[in-house]
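What follows is a set of notes on a single structure, which appears directly below.
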Amino acid sequence: MVSIIFYFQVHQPFRLKNYNFFDIGKDTLYFDDVKNREVLLKVAQKCYLPTNKLLLSLIKQHEGRFKLSFSITGTVIEQFKEYAPEVLDSFKALVDTGCVEILSETFYHSLAFLYSKSEFIEQVLAHKELIRKEFSYETKTFRNTELIYNNALARTVNDLGFKTILAEGADHVMDWRSPNYLYSPKDCPEMTLLTKNYQLSDDIAFRFSNQSWEGYPLTSEKFAGWTHQFAGNGDVINLFMDYETFGEHQWKDTGIFNFLEHLPSSILRHSDFQFLMPHEAGDQYSSVGELDVHHFISWADEERDLSAWRSNPLQFHAFQRIYALEQHVMKSQDIELIHMWRLLQTSDHFYYMCTKFAADGDVHKYFSPYGSPYDAYIAFQNVLADFETRVANKVVSYCG
Amino acid sequence: MRVLMYGWEFPPYISGGLGVACYNIAKYLDPLVSKLYFVLPRSSVNQDLFSKTSLLGADRSKVSIDRFSSVTETYREDHFEKLRILPVESSVTPYDKQYSELSEQVDSMVELMSKQLKLFSDAEEVAPLNVDFGDSMFMQVMMYAAQAACFATMYEHDMIHAHDWLTIPAAFEAKKYSGKPVVVHIHATEYDRSGSSMNQLIYQIERYGVHSADKVVAVSHYTKNILIQRYGLSADKIEVVHNGVSRKMSSQTSVFKKRISEKIILYLGRLTFQKGPDYFIKAARRVLDYRRDVRFVIAGSGDMMPWLMEQVTYWGLGDYFYFTGFLNDALVERLFCTSDVYVLPSVSEPFGIAPLEALYYGVPVVLSKTSGVSEVLNHVLKVDFWDVDDMANKMLALVDYQPLRQHLMCGVSDELPKINWELATQKIFDLYTKLVR
């Protein structure tokens with residue numbers, strides 16, 4: 001039996017406004033509320049609402065045989081609550097079917113693990129609590145921001161009690177191995193590691209509407225046929241992608257919804273195929289071996305490493321400056337200040353500063369609200385300058 | 401490939417970027433062509449600068465009054481009747497009045513000159529070198545056209561190449577003789593120079609030139625768009641060839657050290673409306689509201705200079721601005737060496753070589769988005785010229801954020817070598833080859 005495991009990433013950052021030098025010390029509102037609301041409502045209309053509706057009907061139609069999972073960040077949940085509560089309700093309806101798993105991650109979609117283990121754990125626990133509160137759901141599986149992963153991360157997550165973890169099936173790590181089996185992280189034999197089949201995942205997420213691609217046009221029958229080829233030589237096919245693929249990255253008129261609508265039945269036509277939620281995989285299959293991942297991998301860009309967020313001096317400087325504040329911010333015990341500091345850790349801020357102007361630069365540009373990576377850096381630095389003053393004032397008053 | 405090229409400026413007689421561009425185009429085309437005849441208004445001191453290039457002075461050629469009159473006639477109002485399409489934008493400037501005045505002026509000039517010429521000689525042929533044409537640029541352009549076109553009969557050529565409106569009439573006069581394809585190279589348009597208060601006669605000559613040319617070379621996509629939108633030229637007729645820059649740093653660079661601790665933010669360029677110096681001082685004022693350890697140097701001269709000086713004094717900020725007037729190369733170099741930030745606030749800049757020079761001296765730059773040079777550089781900060789707050793914000797970011805400065809300069813060191821004249825002239829040469837075939 002081969003299992004298809006779907007995981008969809010749902011995330012929106014709190015984008016900063018074009019905060020300039022003259023705002024420092026005067027303006028404590030860092031975020032572009034107008035833009036954030038506008039983007040959220042647009043994506044809700046184009047993707048979240050119609051896709052949730054479609055998935056709900058598919059789950060009902062297949063009577064428990066169609067399953068999937070979501071990772072929904074704390075920042076997007078906060079935006080749902082503020083701007084579009086009906087979207088949050090539609091996700092709740094999906095979770096209530098019992099066929100949808102919610103994964104754990106850092107509340108703020110941050111790269112905290114790279115800088116502070118204690119901060120990372122706090123953000124994971126805060127997200128777990130949020131999911132418990134909003135969905136009455138107890139998470140069992142973990143995926144880190146942008147599938148960033150290595151041995152040390154797996155161990156930390158294992159210690160937190162998670163039984164399953166997700167990672168990119170990056171070529172330089174998989175080597176001759178197939179992503180279509182279960183692995184276990186180094187020195188965590190009881191934990192399940194699921195690796196993304198990036199070929200098939202990206203066929204949907206990136207290539208679906210590419211007319212110069214040899215697979216174009218992609219129909220559900222054709223795609224199901226590709227997965228069926230793994231009957232007998234694979235246990236799982238891990239299809240991990242941004243949820244915004246449906247209706248946002250691939251617009252409605254590309255036929256993406258039609259594709260999704262017929263995908264479950266096309267796949268289930270083969271009697272040896274089923275859908276699973278990530279936490280179920282470990283019960284049905286066993287690990288074929290240990291995967292030793294020393295250096296960080298991720299699902300971003302060609303490199304599948306950290307370079308999207310951390311490859312130029314601007315990004316290093318921004319990280320160094322924000323995490324240097326940790327002690328002072330925590331000492332303030334000011335809940336609002338701590339929350340603000342964490343919102344500034346969201347990975348998107350650093351992604352916008354990426355200066356890889358080659359092929360992937362276009363993708364960065366597509367997502368960035370700024371005219372250039374330098375504008376992103378300048379706004380972030382200006383905000384930090386103001387924030388540092390606020391933290392310093394707080395610490396002084398606290399000590400005094 | 402033999403090329404007959406028409407230029408207006410050439411070192412050592414230059415007043416701006418056009419002369420520098422023409423010099424470099426000649427220098428780097430020289431190895432590619434079999435012969436390059438470069439025609440200039442005046443005979444040059446360095447006749448044989450490059451091996452296959454001859455610099456020809458139009459003042460050496462003799463033309464008849466009739467010939468001159470006929471050339472002038474070509475560019476008068478009635479001739480343009482057929483292709484006269486005025487720009488769509490309305491303007492407060494009364495075009496028609498301005499146009500008719502200019503046209504009258506031309507008539508009287510022609511008349512006057514004919515009389516003057518006749519005084520010197522009764523002969524058909526005269527050398528009009530010693531005739532003072534007054535201030536009329538237009539008359540000079542016409543005289544140049546009449547004289548310079550004669551070279552088309554004297555030198556065998558396969559291509560005619562004209563630089564800017566000044567030489568457009570000459571190129572088409574030449575084409576009347578030889579029938580060879582004409583490339584019109586646009587370094588700046590009347591729109592760049594004058595905004596919406598364009599000189600209609602110049603606009604008409606430019607319009608006539610780009611429409612009649614076999615191919616038009618624009619120095620940037622920005623200029624290409626102006627040609628499409630304001631001159632009604634079709635996009636497929638235009639080839640974009642970005643200018644290059646050649647590093648000409650002296651060995652003494654390190655000698656120049658800044659003597660003051662304040663940061664220096666530099667404006668370098670003509671002080672005219674289209675270069676946006678008023679936006680520069682407004683942004684500077686924003687910066688000075690915030691902090692006073694910054695000085696602003698305004699290098700260059702132009703009709704806006706008195707207004708600018710008055711304005712900063714009126715603000716009570718005279719101590720923070722230095723107006724240098726026009727500077728020679730050595731002083732410009734010195735200025736680059738002591739500056740911390742260079743700003744190009746142009747309202748309309750077809751290309752803009754000065755920012756590239758600033759970068760070669762290690763000075764990070766803030767560029768107006770309405771400039772050709774911003775198309776070829778990624779590692780710079782870009783602003784809308786009218787967004788004074790953002791311009792001030794970026795000046796301060798470059799002053800304060802060291803990692804940003806370092807990263808920009810590091811990235812730019814990879815970009816600069818790709819902006820060179822070899823590449824530019826190769827593109828021009830390829831264009832010739834296509835046209836001749």
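Going down the list, the sequences are from chains A and B.
By the working numbering, the letter at position 42 of the first sequence is numbered 42, and the numbering carries on one by one without gaps.
Throughout, the working numbering is defined as the position within the second sequence, counted from one, plus 400.
Where a beta carbon is used, it is the ideal one built from N, C-alpha and C, also for glycine.
Problem - Contacts around H557 of chain B, its chain only, beta-carbon distance under 7 angstroms, and the 5 residues preceding and following it disregarded - result: Result list for H557 of chain B: R402, V403, L404, Y437, S578, K580, in chain order.
Problem - Inter-residue CB distance, I148 of chain A and I102 of chain A (contact presumed, cutoff 8 angstroms) - result: For I148 of chain A against I102 of chain A, the beta-carbon gap comes to about 19 angstroms, at or over 8 angstroms, which does not count as contact.
Handout entry: Residues, ordered as in the chain, of the region 800-832 of chain B that lie near chain A by beta-carbon distance below 9 angstroms
Key = For chain A, the residues of the region 800-832 of chain B that bring a beta carbon within less than 9 angstroms of one of its beta carbons are D800, Y801, Q802, P803, L804, Q806, H807, L808, C810, G811, in chain order.
Exercise for the section: State whether the region 728-740 of chain B contacts the region 696-705 of chain B, with contact taken as three or more CB pairs (one from each stretch) at a distance under 8 angstroms. Expected result: Cβ pair count under 8 angstroms is three or more, so yes.
Practice task
Would you kindly work out how many angstroms separate the C-alpha atoms of R37 of chain A and K17 of chain A, rounded to a whole number?
Solution key: Looking at the two C-alpha atoms, the distance is approximately 13 angstroms.
Handout entry: Contact check, I59 of chain A vs V87 of chain A, beta carbons under 9 angstroms
Key = At the C-beta level, I59 of chain A and V87 of chain A stay beyond 9 angstroms of one another.
Practice task
Would you mind telling me which residues of chain A sit closer than 7 angstroms to L781 of chain B, beta carbon to beta carbon, in chain order?
Solution key: Contacts between L781 of chain B and chain A, judged by CB atoms closer than 7 angstroms, involve Y374 in chain order.
Handout entry: Through-space distance from H294 of chain A to A152 of chain A, alpha-carbon basis
Key = Approximately 8 angstroms between the Cα atoms of the pair.
Handout entry: Amino acids of chain B, ordered along the chain, whose beta-carbon sits closer than 7 angstroms to that of N312 of chain A
Key = Those are H807, listed as they occur along chain B.
Exercise for the section: In the DSSP assignment, find the beta strand (DSSP E) that holds I664 of chain B and state where it starts and stops. Expected result: From DSSP, the beta strand (DSSP E) with I664 of chain B extends over 663-668.
Practice task
Scan the region 253-313 of chain A and note each continuous alpha helix (DSSP H) run of 4 residues or more that stays entirely inside, going in chain order.
Solution key: Taking only runs of at least 4 residues, the alpha helix (DSSP H) segments lying wholly in the region 253-313 of chain A are 256-268, 278-284.
Practice task
Could you give the DSSP three-state label for H585 of chain B: helix, strand or coil?
Solution key: Strand at H585 of chain B.
Practice task
Determine which residues share a DSSP beta bridge with S771 of chain B and list them.
Solution key: S771 of chain B is bridged to B:E749.
Practice task
Would you mind listing the alpha helix (DSSP H) stretches within the region 541-595 of chain B that are 4+ residues and don't spill past its ends, in chain order?
Solution key: Complete alpha helix (DSSP H) runs here, min 4: 551-554, 568-578, 590-594.
Problem - Interface flag, H317 of chain A vs chain B, CB-CB below 9 angstroms - result: True, the Cβ-Cβ gap to chain B drops below 9 angstroms.
Exercise for the section: At 3 residues or longer, and completely inside the region 140-206 of chain A: list those beta strand (DSSP E) runs for me, N to C. Expected result: Listed in chain order, the beta strand (DSSP E) elements of length 3 or more contained wholly in the region 140-206 of chain A are 164-168, 192-196.
Handout entry: Residues sharing a beta bridge with I602 of chain B, DSSP
Key = For I602 of chain B, DSSP assigns no beta-bridge partner whatsoever.
Practice task
Could you name the residues of the same chain whose beta carbon sits closer than 8 angstroms to that of G338 of chain A, not counting the 5 residues immediately before and after it, in chain order?
Solution key: Checking the sequence, you will find Ile at residue 338 of chain A rather than Gly. Result list for I338 of chain A: V329, M330, S332, in chain order.
Exercise for the section: Check whether the Cβ of K794 of chain B lies closer than 9 angstroms to any Cβ atom in chain A. Expected result: True, the Cβ-Cβ gap to chain A drops below 9 angstroms.
Practice task
Run down chain A in chain order and give the residues with a C-beta less than 7 angstroms from the C-beta of Y690 of chain B.
Solution key: Simply F21, F22.
Handout entry: Chain-ordered neighbours of T355 of chain A on chain B, where CB pairs are closer than 9 angstroms
Key = Near T355 of chain A (Cβ distances below 9 angstroms), the residues of chain B are N778, H779, H807, G811.
Problem - Helix, strand or coil at M1 of chain A according to DSSP, with G and I counted as helix - result: Coil.
Practice task
Provide the residue span of the beta strand (DSSP E) that contains N238 of chain A, from first to last.
Solution key: Start and end: 236-242.
Exercise for the section: Find the nearest neighbour of M791 of chain B within the set B:R685, B:P569, B:A570, judged by alpha-carbon distance. Expected result: Minimum Cα distance to M791 of chain B is reached at B:R685.
Handout entry: Length of the line joining the Cα atoms of H109 of chain A and E757 of chain B
Key = C-alpha separation (whole angstroms): 43 angstroms.
Exercise for the section: Kindly indicate which residue of B:I828, B:H621, B:F410, B:R734 has the alpha-carbon position closest to the one of V439 of chain B. Expected result: Shortest Cα-Cα distance from V439 of chain B to any of B:I828, B:H621, B:F410, B:R734 involves B:F410.
Exercise for the section: State buried or exposed for Y366 of chain A, treating a residue as buried only when at least 16 other CB atoms are found within 10 Å of its CB. Expected result: Result: exposed.
Practice task
Take every Cβ of the region 810-818 of chain B, pair it with every Cβ of the region 773-790 of chain B, and state whether three or more of those distances are shorter than 8 angstroms.
Solution key: Three or more pairs of CB atoms, one per stretch, sit closer than 8 angstroms, so the region 810-818 of chain B contacts the region 773-790 of chain B.
Handout entry: Endpoints, beta strand (DSSP E) assigned at A699 of chain B
Key = 694-699 is the span of the beta strand (DSSP E), which, as asked, contains A699 of chain B.
Practice task
Kindly indicate which three-state DSSP category L16 of chain A falls into: helix, strand or coil?
Solution key: Of the three classes helix, strand and coil, the one that applies to L16 of chain A here is strand, per DSSP.
Problem - Beta-carbon spacing of E326 of chain A, E105 of chain A below 9 angstroms - result: No.
Practice task
Specify the secondary structure class of R402 of chain B as computed by DSSP and reduced to three states.
Solution key: If DSSP states are grouped into helix, strand and coil, R402 of chain B belongs with the strands.
Practice task
Reducing DSSP to helix, strand and coil, say where Y742 of chain B ends up.
Solution key: Reduced to three states, the DSSP call for Y742 of chain B is strand.
Handout entry: Inter-residue Cα distance where the pair is D27 of chain A and F107 of chain A
Key = Inter-residue distance for D27 of chain A and F107 of chain A is about 26 angstroms (C-alpha atoms, whole angstroms).
Practice task
Identify, in the order they occur along the chain, each residue of the same chain with its Cβ nearer than 6 angstroms to the Cβ of V747 of chain B, setting aside the five sequence neighbours on each side.
Solution key: Here the set comprises Q674, G676, F785.
Handout entry: Any chain B beta carbon closer than 9 angstroms to I322 of chain A
Key = I322 of chain A does not count as touching chain B.
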